[in-house]
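Quick note on numbering: the sequence shown equals residues 2 to 264 in the working numbering. Heads up, the beta-carbon is just placed ideally off N, CA and C, and yes, glycines get one too.
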Amino acid sequence: MSPLLIKHHACFGKQRVRLSSTSLSGRLLNRKRGTIDPSPEVMVSRLQDLLSNTPRGKLGIDQVKLIFGSPWVRYSCLPWQDTLKKESDWENYARIILAQQYGVNTDNWRIRVSAGEYGKPRVVAAIEEGLYQTIAELCRSSKLKLAEVEPLFTTAVNQHRRALQDAEHALMILETSHAIVGFYRHNAWQGVIALPIQIDTSDVGNSLSAVIREAAVLSEQFLPEHIYLTSSDLALSSFKTADFDFDWLGSAHPLFFADEVNA
């Protein structure tokens with residue numbers, strides 16, 4: 002018997018889109034994925050295919066949460082500004098910082114700035130407004146309520162918040178072709194960056210050490226010794242190198258795993 006209401010989670014990466022569906026109690030009902038090329042048109046089309054072949058609740062008011070990985074999201078950290086009082090002020094400031102950082106016009110970006118403590122840096126994430134609107138319209142036409150849109154970095158932080166205990170650390174979220182790296186210090190995220198990677202499976206330790214160093218240089222951040230690892234694309238374990246302690250946390254999202262198969 003089909004549940005009255007089903008929650009769907011769609012996660013977008015460079016090479017695939019995944020869709021998992023659960024009942025209100027959290028019971029997994031369906032898990033699918035489809036390969037894509039890094040093109041918005043193909044990504045939207047593949048999501049439409051997955052949605053058309055997934056279970057629906059009897060009430061016809063299912064919800065969907067969208068999670069965007071790389072290369073769809075751009076990140077930055079905003080230094081605290083006493084003069085910014087409203088969220089719109091922070092978003093306008095973020096638009097300026099992102100334009101300087103990425104060297105492009107940001108007028109067509111959908112920008113969101115995370116909540117933060119007074120005096121602390123704030124994380125900003127941005128996606129193309131046109132991509133967001135296209136997927137939002139697909140959800141509406143598929144009779145799904147768009148409940149939430151979230152960058153993968155936020156998803157991973159929320160999933161593993163209790164495990165991130167070191168006062169100074171980096172969080173590395175590994176995808177098939179990218180890594181998202183956040184640097185944490187003084188009780189706040191000081192820098193967040195996504196960059197393309199190639200992992201040498203015969204020498205994972207040195208490969209990931211090189212990624213951390215590159216991310217630190219590009220984001221102008223300190224180099225911590227403790228690195229937390231999470232991924233829904235790769236299955237790793239904790240290990241140490243000459244300069245870093247890598248602490249494996251598991252999947253970046255509780256519904257998506259590296260060993261999943263096509264349904």
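Cβ-Cβ separation between Ser-178 and Gln-49: approximately 23 Å, too far for a contact (criterion under 8 Å). The beta carbon of Pro-41 sits closer than 8 Å to those of Glu-129, Gly-131, Leu-132, Thr-135, all from its chain and outside the five residues before and after it, given in chain order. In this structure, Leu-256 lies away from Ser-71, with their beta-carbon atoms at least 8 Å apart. Around the C-beta of Lys-241, fewer than 16 other C-beta atoms lie within 10 Å, and the residue is accordingly described as exposed. DSSP, read as helix, strand or coil, puts Ile-37 in coil. Residue environment: Trp-190 is assigned as buried (16 or more neighbouring CB atoms within 10 Å of its CB, all protein chains considered). Distances from the alpha-carbon of Ile-174 to those of Ser-233, Tyr-94, Val-18, Glu-151 put Ser-233 closest.
With respect to Asn-31, Lys-121 sits apart: the two C-beta atoms are not nearer than 8 Å. Secondary structure in the region 48–75: the beta strand (DSSP E) runs of 3 residues or longer, each lying completely within the stretch, are 64–69 in chain order.
Assigned with DSSP and collapsed to three states, Gln-191 falls in strand. Every beta strand (DSSP E) stretch that sits fully inside the region 186–253 and reaches 3 residues is listed by chain position as 189–197, 227–232, 246–251.
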